[in-house]
Amino acid sequence: MKNNQPENDLGLIKDLMEKSTKFSNLSGIAVFLTGILAMIGASFVYFDIGFSVSELDISYAQLINQNGEPEDLFLKLKLLVLIASLILISSIIILYITAHKKSGKEGIPLFNSSFSRTLKSLFIPLFSGGIFCLLLINQHMYGLVAPATLIFYGLGLVSSSKFSYNELEFLGYFELLLGFIASFYIGSGLLFWIIGFGVCHIIFGLLIHFKYDKK
Amino acid sequence: MEGYGLLNKAFDSRVRLGLMSILSVNEWVSYKEIKNLLDLTDGNLASHIHALEKINFIEIKKQFIGKKPLTTYRVTNIGKNAFKEHLSGLEKLINN
């Protein structure tokens, strides 16, 4: 087929160069599931379901204001960190398994350069954030942990969006914004956390699913 | 129109042009990946790959991953230069 339109040709070249170097094995349904997980985990913390740490129930706001016995506060804090780590680990496992499956289906190797660049740009801010949060806990500034996770996660998303879905950039900005607002309302950090990690992932997962996965 | 002189006949076809675009920014790409990116059927892609291989623009590597055969492709230096020239030809045509 003969083609005399240089503009079209250059457009095609640019499209394919971009498409072939971007990480696109993210599964929308998996992101959706991580959102649900975050919601469940956060409600465990919020309602203290099944983990009643003492006769005196300690709410999230009490923990933040350190209003209670030091031992009870410590137990609640341990619960919070445990649940957050469980959510993070299970989310990573879900995302990994589904990405592996999707890559097999589409014939795109999972461990290519776009995958490692995406991971690197996401996890450098995320790990720094994680360490920073541990330091905040160490300094008893519990209230800033939830906003900090949102802010660092947002930064990670914005930087990884260059090597993956463009939509990740907007999700990143939104998480950043949520993190900053949450820093003003220290006692309600959990609520912002539910919006940022729960609601946002549910919406974003569905968006990716219907836009890219379900062709 | 000086741009026309730089255009390469090998890239007249959009499939071959697309194929070169993918290979020029990636190392060793699998057949399946190319097929999916270009949205093509088997027979169609194979003939274009063969054409580019014949003029030494791309090279082929066949290997086994476990029991599965895996064929991957890479652009050669000749192919890279030809593609670069073709690109600058297209750009000149637009700027004229």
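Residue numbers (this note's numbering), protein chains in the order written: chain H, 1 to 215; chain G, 1 to 96.
For each residue, glycine too, the CB sits at the ideal point set by N, CA and C.
Note that this is a predicted model, so its numbers are computed, not measured.
### Query
With DSSP run on the structure shown, which of helix, strand or coil describes residue 2 (chain H)?
Residue placement at residue 2 (chain H) is flagged as unreliable, the pLDDT there being 44, under the threshold of 50; the coordinate-derived value follows with that caveat. Secondary structure at residue 2 (chain H): coil, using DSSP grouped into helix, strand and coil.
### Message
Checking 8 Å against the spacing of the C-beta atoms, do residue 76 (chain G) and residue 59 (chain G) come in under that value?
### Response
Yes, they are a contact pair.
### Query
What number of angstroms, rounded off, separates the C-alpha of residue 96 (chain H) from the C-alpha of residue 94 (chain G)?
Cα to Cα, the separation comes out at about 44 Å.
### Query
In whole angstroms, what is the alpha-carbon distance linking residue 127 (chain H) and residue 133 (chain H)?
Between the C-alpha atoms of residue 127 (chain H) and residue 133 (chain H) there is a straight-line separation of about 10 Å.
### Task
Please determine, among H:90, H:18, H:66, the residue with the shortest C-alpha to C-alpha distance to residue 33 (chain H).
Selected option, being the one with the closest Cα: H:90.
### Query
Which residue spans inside the region 55 to 103 of chain H form an unbroken alpha helix (DSSP H) run of at least 4?
Every unbroken stretch of the alpha helix (DSSP H) spanning 4 or more residues and falling wholly within the region 55 to 103 of chain H is given here in chain order: 60 to 65.
#### Entry: residue 64 (chain G): first and last residue of the uninterrupted beta strand (DSSP E) it sits in
Going by DSSP, residue 64 (chain G) is part of the beta strand (DSSP E) stretching over 58 to 65.
### Query
Are the CB atoms of residue 45 (chain H) and residue 88 (chain H) nearer to each other than 8 Å?
No.
### Task
Rank G:52, G:43, G:67, G:44 by C-alpha distance to the C-alpha of residue 82 (chain G) and give the top, closest one.
Distances from the alpha-carbon of residue 82 (chain G) to those of G:52, G:43, G:67, G:44 put G:52 closest.
### Message
For residue 29 (chain H), tell me which candidate among H:82, H:102, H:76, H:113 has the shortest Cα-Cα distance.
### Response
When only C-alpha atoms are compared, the closest one is H:102.
### Task
Check distances from the C-beta atoms of the region 76 to 89 of chain H to those of chain G and list, in chain order, the residues that come in under 9 Å.
Contact annotation: in the region 76 to 89 of chain H, no residue has its CB less than 9 Å from a CB in chain G.
### Query
Is the Cβ-Cβ distance between residue 31 (chain H) and residue 201 (chain H) less than 8 Å?
If you check the CB distance, residue 31 (chain H) and residue 201 (chain H) come in under 8 Å.
#### Entry: chain G within 8 Å of residue 19 (chain H), Cβ atoms only
Taking Cβ atoms only, chain G reaches closer than 8 Å to residue 19 (chain H), which makes this a yes.
### Query
With burial defined as no fewer than 16 other Cβ atoms inside 10 Å of the residue's Cβ, what is the status of residue 41 (chain G): buried or exposed?
Classification of residue 41 (chain G): exposed, given that the 10 Å Cβ count is below 16.
### Query
With burial defined as no fewer than 16 other Cβ atoms inside 10 Å of the residue's Cβ, what is the status of residue 8 (chain H): buried or exposed?
Residue environment: residue 8 (chain H) is assigned as exposed (fewer than 16 neighbouring CB atoms within 10 Å of its CB, all protein chains considered).
### Query
At a cut of 8 Å, does the region 17 to 24 of chain H reach the region 183 to 197 of chain H through at least three beta carbon pairs?
Result no; under three Cβ-Cβ pairs closer than 8 Å.
### Query
Hey, is residue 13 (chain H)'s beta-carbon within less than 8 Å of any beta-carbon in chain G?
Cβ-Cβ to chain G under 8 Å: yes for residue 13 (chain H).
### Task
Just mark residue 96 (chain G) as buried or exposed, buried being the case when its beta carbon has 16 or more other beta carbons within 10 Å.
It counts as exposed.
### Task
Please check the pair residue 38 (chain G) and residue 19 (chain G), which I expect to be a contact at CB under 8 Å, by giving their CB distance rounded to whole angstroms.
So it is a contact: roughly 7 Å between Cβ atoms.
### Query
Between the Cα of residue 181 (chain H) and the Cα atoms of H:82, H:150, H:114, H:137, which residue gives the shortest distance?
Ranked by how close their Cα comes to the Cα of residue 181 (chain H), the residues H:82, H:150, H:114, H:137 have H:150 in first place.
### Query
What are the residues that DSSP puts in a beta bridge with residue 111 (chain G)?
Outside the shown range of chain G, which is 1 to 96, sits residue 111 (chain G), and nothing can be said about it.
### Neighbour flag for residue 75 (chain G) against chain H, beta carbons, 8 Å
Not one chain H Cβ lies under 8 Å of residue 75 (chain G).
### Query
Exposed or buried, what is residue 155 (chain H) when buried is set at 16 or more other beta-carbons lying within 10 Å of its beta-carbon?
Buried is the call here.
### Message
Run through chain H and tell me which residues come within less than 9 Å of residue 16 (chain G), C-beta to C-beta.
### Response
What residue 16 (chain G) touches in chain H: nothing, since even the nearest Cβ is about 10 Å away.
#### Entry: As assigned by DSSP and simplified to three states, the class of residue 29 (chain G)
Looking at residue 29 (chain G) - three-state DSSP - the assignment turns out to be strand.
### Task
Provide the residue(s) that pair with residue 70 (chain G) in DSSP beta bridges, ordered along the chain.
DSSP, once it has assigned bridges, lists G:63 as partnering residue 70 (chain G).
### Query
Are residue 165 (chain H) and residue 26 (chain H) close, meaning C-beta to C-beta below 8 Å?
Residue 26 (chain H) sits close to residue 165 (chain H), with the two beta carbons spaced by under 8 Å.
### Query
CA-CA distance, residue 25 (chain G) and residue 16 (chain G)?
Residue 25 (chain G) and residue 16 (chain G): Cα-Cα distance of roughly 15 Å.
### Message
With a threshold of 8 Å between beta carbons, is residue 3 (chain H) in contact with chain G?
### Response
In this prediction, residue 3 (chain H) has a pLDDT of 47, which is less than 50 and means its spatial position is unreliable; what the coordinates show is noted afterwards. Taking CB atoms only, residue 3 (chain H) has a neighbour in chain G less than 8 Å away.
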